[in-house]
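Per the working numbering: the sequence shown = residues 102 to 391.
Just so you know, even glycine gets a beta-carbon here, dropped at the ideal spot from N, CA and C.
Below you'll find the structure, written out as structure tokens, and then a few comments.
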Amino acid sequence: MSKIVITGATGELGQLVVQHLLEKVPANQIAVSVRNVEKASKFADQGIEVRYGDYDDPSSLEKAFAGASKLLLISTPQDDSVVRIRKHVDAIEAAKKAGVKHLLYTSFAAVDKGAFPPLGDVHSATEYTLRASGLSTTILRNAFYQEVFVNESLQSFVDSGVIVTSAGKGKVNTVERNDLALAAATVLAGEGHEDKVYELASSETWNYDELANILSDVSGKNVTHQSMSDSEALERMVNSGVPEGFAHFQIALYNSIADGNEGNASSDLEDLIGRKPTSIRKSITHFFNK
């Protein structure tokens with residue numbers, strides 16, 4: 102029996118994709134490719150086939166992808182961009198050798214419009230490889246995970262009463278992992294998605310002024326946004342204990358936001374999942390009331 106194979110199934114996005122896919126197809130039509138088989142025992146308990154597949158072991162991938170009618174290639178987390186691209190290329194080559202019929206790849210929103218280069222460049226290179234591979238593909242260009250912005254740091258903003266950035270009034274497009282996972286599962290379970298590119302972004306965007314207003318409304322405390330120079334924002338972050346390397350990464354993100362690269366909206370996600378994605382306000386409200 103041909104299978105829908107999902108890589109990275111023990112990760113945060115992958116687990117959600119499997120959860121949604123189980124609502125659409127029988128478990129015996131699903132296989133997961135994972136690095137640690139023991140961590141995937143819960144999938145086996147649900148009737149899902151568990152296969153060993155490790156990006157660091159390219160020879161394992163061809164076996165893991167064998168018999169796949171559809172393969173969801175979830176981009177691997179890796180700080181070194183060259184290594185990350187190499188792993189993606191290895192996986193694509195393994196998919197070709199395994200005879201995968203249709204490959205889906207989780208890319209990054211608006212990579213063709215200059216979105217955040219530290220991430221966008223990796224995905225642009227991978228998308229090029231996919232186009233050159235001859236495989237039937239679907240590109241799922243995921244917006245920034247909303248959870249990257251909705252986390253414990255929000256409480257520190259409320260406590261201090263200020264959000265410090267160098268992003269100006271630049272807009273950001275974010276989507277909850279759960280909504281992105283539902284879109285991926287919808288494509289995996291459906292037909293007619295071959296050779297398409299979906300911009301899985303929200304139709305609504307936000308900026309840090311608006312984030313401060315939402316925090317004020319939800320917390321009942323006044324929170325403001327102060328946009329300052331890169332050097333000032335960097336100094337504030339480092340002095341507050343943020344590791345210098347991450348602080349520089351954050352400044353690069355603020356620059357991209359300020360330049361208008363991260364606020365591209367799209368209706369593709371809404372069309373796929375049949376509703377509006379979860380708003381930043383709803384995510385923040387849930388975070389403070391959980």
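From the DSSP output, in three-state form, read off residue i for me.
i      : result
Phe209 : strand
Ile175 : coil
Asp155 : strand
Ile399 : Any question about residue 399 goes unanswered here, given that the chain covers just 102 to 391.
Thr239 : strand
Lys160 : According to the sequence shown, residue 160 is Ser rather than Lys. Note: Ser160 maps to helix in three-state DSSP.
Ser384 : helix
Glu295 : coil
Glu150 : strand
Got a sec, what are the start and stop residues for the beta strand (DSSP E) residue i sits in?
i      : result
Gln327 : Thr325 to Ser328
Ala132 : Ile131 to Val135
Kindly indicate which residue of the options has the alpha-carbon position closest to the one of residue i.
i      : options                           : result
Asn314 : Glu292, Gly375 and Ile385         : Ile385
Phe217 : Asp360, Asn323, Ser380 and Ala334 : Asp360
Val201 : Leu174, Tyr355, Val276 and Thr227 : Leu174
Glu244 : Gly112, Ser303, Val343 and Val184 : First, the amino acid is wrong: residue 244 is Ala here, not Glu. Comparing Cα positions, the closest option is Ser303.
Phe166 : Asp157, Ala196, Glu228 and Gly346 : Ala196
Ala128 : Ile149, Val339 and Ser234         : Ile149
Ile240 : Val298, Gln179, Leu114 and Val288 : Val298
Gln147 : Ile131, Tyr153, Arg136 and Tyr156 : Ile131
Considering just the uninterrupted stretch of the alpha helix (DSSP H) at residue i, what are its terminal residues?
i      : result
Val184 : Ser182 to Ala199
Leu289 : Arg278 to Ala290
Val319 : Tyr309 to Ser320
Gly47  : The requested residue 47 does not occur in the structure, where the chain is confined to residues 102 to 391.
Ser341 : Segment: none, Ser341 is in no alpha helix (DSSP H) and carries neither H nor E.
Lys140 : Run containing Lys140: none; DSSP gives neither H nor E here.
Glu363 : It is not in any alpha helix (DSSP H) - Glu363 carries neither H nor E in the DSSP assignment.
Opposite residue i in the DSSP bridges: which residues?
i      : result
Val223 : DSSP, once it has assigned bridges, lists no residue as partnering Val223.
Glu52  : The first residue shown for the chain is 102 and the last is 391, placing residue 52 beyond what the model contains.
Ala169 : Lys104
Contiguous beta strand (DSSP E) assignments of at least 3 residues, all confined to the segment 244 to 276: 263 to 266
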